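Working notes, structure below.
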Amino acid sequence: MSHSSHQIERNSLAFAIEKNVDVHTQKCYQCGKCSAGCPVATEMDMPPSYVMRLLQTENQAHDENILQSQSIWLCISCEMCLSRCPMEIDIPSMMDFLRQRSIKQKMVNPKAKNIVAFHKSFLNTIKYTGRLYELGLIIDYKRRSLNMLQDITLAPKMISRGKLHFIPEMIKGTPQISGIFKKTSKKEV
Ligand code: SF4
Ligand code: SF4
46 MSHSSHQIER
56 NSLAFAIEKN
66 VDVHTQKCYQ
76 CGKCSAGCPV
86 ATEMDMPPSY
96 VMRLLQTENQ
106 AHDENILQSQ
116 SIWLCISCEM
126 CLSRCPMEID
136 IPSMMDFLRQ
146 RSIKQKMVNP
156 KAKNIVAFHK
166 SFLNTIKYTG
176 RLYELGLIID
186 YKRRSLNMLQ
196 DITLAPKMIS
206 RGKLHFIPEM
216 IKGTPQISGI
226 FKKTSKKEV
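In our numbering, the protein residues as written are 46 to 234.
Following this line, the structure appears as structure tokens:
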């Protein structure tokens, strides 16, 4: 296989991905099935197969484009891409790594700031409750708010103004979530 003989640049993002989450970007042969199945690809500035292609170039400017993209924050970890990929490339784990790296290198896309706040609260929720139920709710929130609003940056403001009618229904009986939403909307300014 060509990928095994490929000498990967040690300072590339592809190398960091390989080392941290064991995803081998060179295995991707650009069939496009990940992007075709991704429920948020149309909202993304670079769909998953394109992220893979840019990573393969091991070019610093491309690496920066990825870390500054909105795509890494729009990914809802649904694993549709992974289930479709003929090479079993674990894009969701890779996206998770890219989000962490983007924060660490202070490259978060300004338009994604509110999603970052959600990601943080969402990780806290898992830490706090250890239950998948809430995780599902927040993923669902993210997906639905994307479809409904098109503009992701509006979502937290609309929640704090009570404009998203599905939210009260969602948080009924889940006080932790309600607290998290409150905290998130406060942090936002
Ligand atoms: S895990 Fe992320 S990239 Fe993969 S299909 Fe789902 S949203 Fe798209
Ligand atoms: S489905 Fe897999 S092989 Fe095909 S483009 Fe996506 S990552 Fe590459």
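Built from N, CA and C at the ideal position, the CB exists for glycine as well. The model shown is predicted, which means the values in this text are computed figures rather than measured ones.
Inset, instruction - Using beta-carbon positions only, say whether Glu-109 and Ser-57 come within less than 7 Å of one another. - result: no
Legend entry - Cys-130, buried or exposed, once every other Cβ within 10 Å from all chains shown has been counted against 16: buried
Inset, instruction - Report buried or exposed for Ala-157, applying the criterion of at least 16 other Cβ atoms within 10 angstroms of its Cβ. - result: buried
Legend entry - Per-residue DSSP class, three states only, for Asp-135: In this structure, Asp-135 counts as coil in the three-state DSSP scheme.
Legend entry - Distance cut-off 6 Å: Ile-148 Cβ against heavy atoms of ligand 2: no
Inset, instruction - Would you kindly work out how many angstroms separate the C-alpha atoms of Asp-90 and Leu-127, rounded to a whole number? - result: Asp-90 and Leu-127 have their C-alpha atoms spaced approximately 20 Å apart.
Inset, instruction - Ignore the nearest five residues each way along the sequence and tell me which others in Met-139's own chain have a CB closer than 7 Å to its CB. - result: Ile-62, Val-66 and Val-68
Inset, instruction - Assign Leu-143 to one of two classes, buried (16 or more other C-beta atoms within 10 Å of its C-beta) or exposed (fewer than that). - result: buried
Legend entry - Environment of Cys-120 [buried if 16+ CB atoms lie within 10 Å]: buried
Inset, instruction - Using only the heavy atoms of ligand 2, determine whether one of them is closer than 6 Å to the beta carbon of Ile-62. - result: no
Legend entry - Met-132 vs Gly-82 beta-carbon contact at 7 Å: no
Legend entry - Distance between beta carbons of Ser-80 and Ile-117, contact taken as under 8 Å: The Cβ separation is near 14 Å, so there is no contact.
Inset, instruction - Tell whether a beta-carbon distance below 7 Å holds between Pro-137 and Ser-114. - result: no
Legend entry - Near ligand 2: Cys-83 beta-carbon under 6 Å from a heavy atom: no
Inset, instruction - Leaving out five residues on either side along the sequence, give the residues of the same chain with a beta carbon under 8 Å from the beta carbon of Met-97. - result: Thr-70, Cys-73, Gln-75, Cys-79, Ile-134 and Ile-136
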